[in-house]
Every structure is written in C-alpha cells, then in structure tokens.
Amino acid sequence: MMSRSARAAVLAIGAAFAVAGIALVGVAWFAFAPDDPAAMTLTVGAFPVIGLGAVALLAVVTSDRRRRN
C-alpha cells in the first residue's frame with residue numbers, strides 16, 4: 006500500500022511524463038516538415054515517455070483500488 010505522499014509523487018511524475026510525451030508529439034507534428042527525420046525521431050521517442058506516464062498513473066489507480074477493497 007502506498008502512503009499518501011508517495012501516491013501524490015507518483016501521480017505528479019506520471020502526469021509530467023504523459024504531458025511531456027504528448028508535447029513531444031505536438032512538436033514533432035507541428036514544428037517539422039512531414040518528411041523530416043527529426044519528426045519521426047521525436048514521434049517514436051515520445052511513445053516510451055507516454056508509456057512511463059501511463060504506467061505511473063495506473064500504479065496510483067491500482068493502489069487506490071486495492072486500498073478500498
């Protein structure tokens with residue numbers, strides 16, 4: 006079971022990773038030409054960042070559900 010401060014920290018880190026990954030995709034799509042290799046690199050590189058954020062957010066949700074049951 007996570008403490009309240011640990012849950013808040015994981016939630017903040019997860020949200021930061023998710024927002025950063027989405028921002029990378031936005032930069033890749035709007036700042037670069039579609040045929041620029043940098044756009045593909047940023048887009049592909051953003052998915053692990055979004056994934057880390059999603060895993061952290063799911064850890065908080067799972068912890069909350071275990072605590073309630």
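So for the sequence shown, the working numbering puts the first residue at 6; every next one is plus one.
Every residue gets a Cβ at the ideal spot worked out from N, C-alpha and C, and that includes glycine.
Where residue 53 falls: helix, strand or coil (DSSP): helix
On the DSSP letters alone, give me the boundaries of the alpha helix (DSSP H) that residue 10 sits inside. 9-36
Would you check if the distance between the CB atom of residue 29 and the CB atom of residue 65 is smaller than 8 angstroms? no
Determine whether the beta carbon atoms of residue 22 and residue 51 lie at a separation below 8 angstroms. no
Put residue 42 into one of helix, strand or coil per three-state DSSP. helix
Are residue 32 and residue 47 closer than 8 angstroms when you measure CB to CB? yes
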